Amino acid sequence: MTSLDSYLKQMLEQDGSDLHLSVGSEPKIRTSGRIIPLSDEIITATKMAELLQSITRPARWEEFLQTHDLDLAHEIPGVARFRGSFFYNHWGQAAVFRQIPAEILSFDTLQLPEVLKDVCCYKEGLILVTGPTGSGKSTTLAAMIDYINENFQKHIITVEDPIEFVHPQKRSVIVHREVGEHSHSFSNALRGAMRADPDIVLVGEMRELETIKLALSCASMGMLVFGTLHTNNAPKTIDRIIDAFPAEEQAQIRVLLAGCLTCVVSQLLCKKQPSGRVAVHEILLQHDALPNTIRSGKTSEIRGIIESSSAQGMRLMDNSIAAQLNAGNISPEEAYMKASNKEAFKKCLPTLDELTDEEATHHS
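Residue numbers (the working numbering): 10 to 373.
Structure representation (C-alpha cells):
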C-alpha cells in the first residue's frame, strides 16, 4: 500500500507544489500551475482514512471527525515540511498538502519589491499581505520576518494554523505558536501575545471578527502586526476588514484602521514562460490622504493614491502585470486573465489565427 509520505516524495520528484487526495479519485498534484494525476490508483474511503490518520495525533483525529475540518503541519525528516488541510466533500474525506520550502527564501531570491525592506523597518502598525489561496502569501511573509530577524533585535511572536516556516534564532527572539497545539484559538493566542511584550506579532490568517479586532488592537498599542487576508487588491482588503464588523461598529473600526494601517501588499502568481511561476504585486503604503480616505469610506479613491505615488514605491497590480509582460516573463493570455482592467490588455492578445488549437479553445 502506498503511504502518504511516498505520495509526497513522488510529488517533489515531479516538481509539484500541492498534493490533492479525494475518495474515488486518483491522487493528483499541481505542477507549474496545472493539476495532473500522480498515479492511476483510485483512493478508497478506507485507504483515505488510513493515509490521514497515519500522520495525525489521536486527539486531533477526533477533532477532525467531529468538526470535519483540520489544518496541520507534517514533516518528512530530511526531505520537506508540508501544510495539510483535511476536510470532507461529497465523496467523503479529502485532503490537500502543500510543500513548505525547506529554506526560507530571501528577498533577492523571490525578487520582492525593494520597498518592502523599508516596510520591515516600521516600528508599529498593521501590515497586510493578501491574495488568493496559493498565491505565496506565507512565503512573502516568511521572507519579511527573516529580513527583520537578520537585521534587528526584536521579540517576534507568530500565531499560525499550522506553523509553516520555522525561523532560526538570529538577532531576534522568535516564538512560534500553533493554534490547536499551543492555544485553542487565534483570539486566545493573540490575547496571550499582547501580554508577552512582543515587538512584532504575525497572525497567520485574519479570518474571524475577534481575530481581526485583536490584531487591530495590537497595532494600535504600538506593536508591528503582520497578517494575511484572501483579497486581491488594497481597496478590497480595506472593505473586507470593515465589512467583517456589524454595521453599528463599522464607524469605530474605520477610525481604528485609519490610525494603524501602514501597508497592504496584494500578491498574485502568474504562469511564467517557459515554466514556473512569477509573483506580481499591488502595494499601498502610508500616505497623508489615506487615513481620511479610510475614515470617510471612500475606498474607491485608494487606486488614485497608489497611481500618484509610484515614486514612493507604490504600484497597482495591473502595472506590475504589465511590467512582467513587457519583460517577456508571462504570456499576453496570462496577463489578460490576471488583470483587473482587461480592456487595457486586450490589444496584446494574439488573434485566433495565431493561437494553437488548445489556446484557441481556451480563449474562446
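Idealized CB from N, CA, C, for every residue including glycine. As the structure is a prediction and not an experimental result, all values here were calculated from the model.
- Secondary structure note for CYS129: it is in no beta strand (DSSP E), with a DSSP letter that is neither H nor E.
- Counting along the chain, PRO300 sits inside the alpha helix (DSSP H) bounded by residues 299-304.
- For LYS222, no beta strand (DSSP E) encloses it; the enclosing alpha helix (DSSP H) starts and ends at 218-229.
- Annotation for CYS357: no beta strand (DSSP E) segment contains it, and DSSP assigns it neither H nor E.
- By alpha-carbon distance to ILE157, the top candidate from HIS193, GLN108, ASP208 and GLU112 is ASP208.
- In this structure PRO67 is exposed. Its beta-carbon is surrounded by fewer than 16 other beta-carbon atoms within 10 angstroms.
- Look at the beta carbons and you see the segment 348-357 not touching the segment 140-157: under three pairs across the two are nearer than 8 Å.
- When beta bridges are read from the DSSP output, HIS191 appears opposite no residue.
- In the three-state reduction of the DSSP assignment, ALA89 falls in the strand class, which pools E and B.
- Take the alpha-carbon of SER41 and the one of VAL88: they are about 20 Å apart.
- Of the residues THR53, MET203 and HIS83, the one whose Cα lies closest to the Cα of LEU17 is HIS83.
- In the structure shown, the three-state DSSP call for ARG286 is strand.
- In the DSSP assignment, LEU114 falls outside any alpha helix (DSSP H), carrying neither H nor E.
- Between VAL234 and VAL264, the beta carbon gap of about 17 Å keeps them out of contact (Cβ cut-off 8 Å).
- With contact defined as three or more Cβ pairs closer than 8 Å, the segment 127-142 and the segment 54-65 are not in contact.
- Segment contact: the segment 262-278 against the segment 290-300, three or more CB-CB distances shorter than 8 Å; contact assigned.
- According to the DSSP assignment, SER275 belongs to the beta strand (DSSP E) that extends over 270-280.
- Selection PRO141, PRO255, MET232 and GLU214 evaluated against CYS129 yields MET232 as nearest (Cα-Cα).
- Under the DSSP assignment, PRO67 falls in the alpha helix (DSSP H) whose first and last residues are 67-76.
- Apart from sequence neighbours up to five positions away, the residues of its chain that approach THR167 with a beta-carbon distance below 6 Å are HIS185 and LEU211, ordered along the chain.
- Taking C-beta separations shorter than 6 Å and ignoring five residues to either side along the sequence, the partners of THR240 in its chain run THR139, THR246 and ARG249, following chain order.
- Going by DSSP, SER31 is part of the beta strand (DSSP E) stretching over 27-31.
- In the displayed model, ILE44 falls within a strand according to three-state DSSP.
- The segment 70-85 makes no contact with the segment 312-331, as fewer than three CB pairs between them are under 8 Å.
- In the DSSP assignment, GLY213 falls outside any beta strand (DSSP E), carrying neither H nor E.
- Around the beta carbon of ASP24, a 10 Å sphere encloses fewer than 16 other beta carbons of the protein chains shown; the residue is thus reported as exposed.
- Here DSSP, grouped into helix, strand and coil, assigns ASN338 to coil.
- Only residues of its own chain outside the window of five on either side were considered, and among them THR11, GLU35 and PRO36 have a CB closer than 8 Å to the CB of GLU50, listed in chain order.
- Rounded to whole angstroms, the Cβ separation of ASP27 and PHE106 is 7 Å, and the two are in contact under 8 Å.
- Residue range 164-169 is occupied by the beta strand (DSSP E) that includes ILE165.
- About 12 Å separates the CB atoms of GLY236 and ALA253; that is not less than 8 Å, and the two are not in contact.
- A direct Cα-Cα distance of roughly 20 Å separates LEU21 from THR118.
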